[in-house]
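Worksheet: one structure, shown below.
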Amino acid sequence: MSPCRILHVINNLHLGGAETMLVRLLSRLDRDRWSPWVVSLVGGGPTSDQLESLGVPVTMVGMRRGLPGPTTLFRLTRAVRQARPELIQTWLYHSDLLGGLASRLARTGAPVVWNLRRGGPVRGVDKRTTIWTARLCAGLSRRIPERIVANSKFGREEHVELGYDADRMDVISNGFDVDRFQPSEMARRAIRDELGLSPDALLVGMAARWDPFKDYATMLGAASRLIMEQPRLHVVLCGPGLELSNPELASMIESIPGDGRWRDRLHLLGRRSDMPRWQASLDVAVLSSFSEGFPNAMGEAMACGVPCVATRSGGAVEILGDTGRLVDVGDVEGLAAAVGDLLSASPESRQESGRAGRERIVREFSLERMVERFEMIWNDVLAHSVSPRRQHGRMTRTVLDRAA
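Residue numbers for the sequence shown follow the numbering used here, so the first one is 163 and each next one is one higher.
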């Protein structure tokens, strides 16, 4: 039988968590069984080059940011017809909504699987269009998708509260390449050399884009305290928007009270293309978010054997388990204290904590496990499809160990 044509619809192809997981998923698919095609609503980005290197066709719809209009839906419908998919997998709210509608308008008969990559929308933090789209999706969740995948139990629960159909919901946690992300003494030395630091310098870091959800104010507040208490400590922040050319970030740093000398040991590295090396260089990894679906950066740090401290922000609790430290959202003092405890511990103690985190990732959150669970859901959806050509593999629903 020829490979099943599966169309992935995603908002954009920047370097975000959803985009990263899309690339990882497609990189491990069995091409004898699956033939992927990607449609980006907004346009290209760094991820499009990665997809093309995998031999995956990419189509750009050219949607303007904000509330999508009829032109976007028309172009997406045309792209769906061109791809002639047997299954449509969408990623994120706008793509869930538009991909589902386009599948109906294109009349391909292809079943749709939605993909939620976060906790529920937050008033005052999310844009109005995001909140509106999520609520509309909740109302359509009993009509359009055959299944809905959330990447954390937290995300599932929040969306069920919003009105999503609980009976269609599955949880597939993010997966991590534990061969690519692993402990490395060479990486520790290389990053310290790059920053002009001594080999015994302590590095605490956070990897996340500049976004209100990441609560960098709490991270910076904790960093200023820690740096003044720990003479060997340097704090490194990386991700899109983490540069002094970002006026909001620069203003936030200036507003932190106290002795401004701490800023000399704060390093803003912006976007990095060497995340395995960067993560492995840290002594402690931090996540200060208000809310998280399933934090990729924390999983990568754990895979590198780095002890972690995170806020109790949904998916972060699930991934850390009992291998890291958790503090309340917005608790500057608590975050500084938890990181300080790890820095004050012996290197052997930190290594033991990091080793436990890596073992948890290998055991529970491998990339192979994520790919396997996506394929199981796709096979199950196709097996129950009315079209004989989509009987692509049968698998009973009970095997999926659906989230309660």
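Ideal Cβ positions, reconstructed from N, Cα and C, are used throughout, including at glycine.
The structure presented is a predicted model; accordingly, all values stated were derived computationally and were not measured.
- By the neighbour-count criterion, in which a residue is buried when 16 or more other Cβ atoms sit within 10 angstroms of its Cβ, residue 289 is exposed.
- Around residue 256, the same chain offers 173, 203, 230 and 295 as residues with beta carbons nearer than 7 Å, after the five sequence neighbours per side are excluded.
- Residue 542 sits buried, since 16 or more C-beta atoms from the chains shown fall within 10 Å of its C-beta.
- Cβ atoms of residue 523 and residue 340 come within 8 Å of each other, at about 6 Å.
- Counting along the chain, residue 218 sits inside no beta strand (DSSP E), nor does DSSP assign it H or E at all.
- Per DSSP, the beta-bridge partners of residue 432 are 400.
- Residues of the same chain with a CB within less than 8 Å of the CB of residue 411, apart from the 5 flanking positions on each side, are 372, 378, 403, 404, 405 and 430 in chain order.
- Uninterrupted beta strand (DSSP E) stretches at least 3 residues long and entirely within the region 199-269 occur at 220-222 and 249-253, given in chain order.
- Sequence-distant Cβ neighbours of residue 197 in its own chain, meaning closer than 6 Å and more than five residues away, are 165 and 167.
- When C-alpha distances from residue 519 are compared across 484, 505, 499 and 532, the shortest belongs to 484.
- Going by beta carbons, residue 489 and residue 497 fall inside the 9 Å limit.
- Residue 444 and residue 388 do not touch by the CB rule: their CB atoms are close to 13 Å apart, not below 8 Å.
- No Cβ-Cβ contact shorter than 9 Å links residue 380 with residue 453.
- DSSP, read as helix, strand or coil, puts residue 494 in helix.
- Between residue 313 and residue 455 the beta-carbon gap is near 5 Å, inside 8 Å, which marks them as a contact.
- Straight-line measurement puts the Cα of residue 182 at about 32 Å from the Cα of residue 495.
- Within its own chain, the residues whose Cβ lies closer than 6 Å to the Cβ of residue 342, once the five positions on either side in sequence are excluded, are 438, listed in chain order.
- Residue 332 is classed as buried because its beta carbon has at least 16 other beta carbons within 10 Å across all chains shown.
- For residue 458 against residue 179, the beta-carbon gap comes to about 5 Å, under 8 Å, which counts as contact.
- Put simply, the region 529-540 does not touch the region 230-246. Fewer than three CB pairs are less than 8 Å apart.
- Taken atom to atom, the span from the alpha-carbon of residue 362 to that of residue 210 is near 39 Å.
- Inclusion of residue 504 and residue 487 in the CB contact set at 9 Å is warranted, their separation being smaller than that value.
- Unbroken alpha helix (DSSP H) runs of no fewer than 4 residues, entirely contained in the region 472-516, are found at 477-482 and 494-506, following chain order.
- The alpha carbon of residue 305 has as its nearest neighbour, out of 216, 263 and 218, the alpha carbon of 263.
- Each residue's CA atom was taken as its position, placing residue 291 and residue 280 some 16 Å apart.
- Taking every protein chain shown into account, the CB of residue 464 has 16 or more other CB atoms within 10 angstroms, so this residue is buried.
- The beta carbon of residue 398 sits closer than 7 Å to the beta carbons of 365, 367, 429 and 431 from its chain, once the five residues preceding and following it are set aside; these are given in chain order.
- Annotated three-state conformation of residue 174 is coil, per DSSP.
- Counting only runs of at least 4 residues, the region 336-421 fully encloses the following alpha helix (DSSP H) elements, listed from N- to C-terminal order: 347-356, 378-391 and 409-417.
- Taking every protein chain shown into account, the CB of residue 285 has fewer than 16 other CB atoms within 10 angstroms, so this residue is exposed.
- Here residue 249 is near residue 544, since their CB atoms are less than 9 Å apart.
- With fewer than 16 neighbouring CB atoms inside 10 Å of its own CB, residue 236 falls in the exposed class.
- For residue 313, the three-state secondary structure derived from DSSP is coil.
- Using a Cβ distance threshold of 9 Å, residue 360 and residue 325 do not count as a contacting pair.
- Apart from the 5 residues on each side of it in sequence, residue 480 sits with its Cβ closer than 8 Å to the Cβ of 314, 315, 316, 335 and 456 in its chain, given in chain order.
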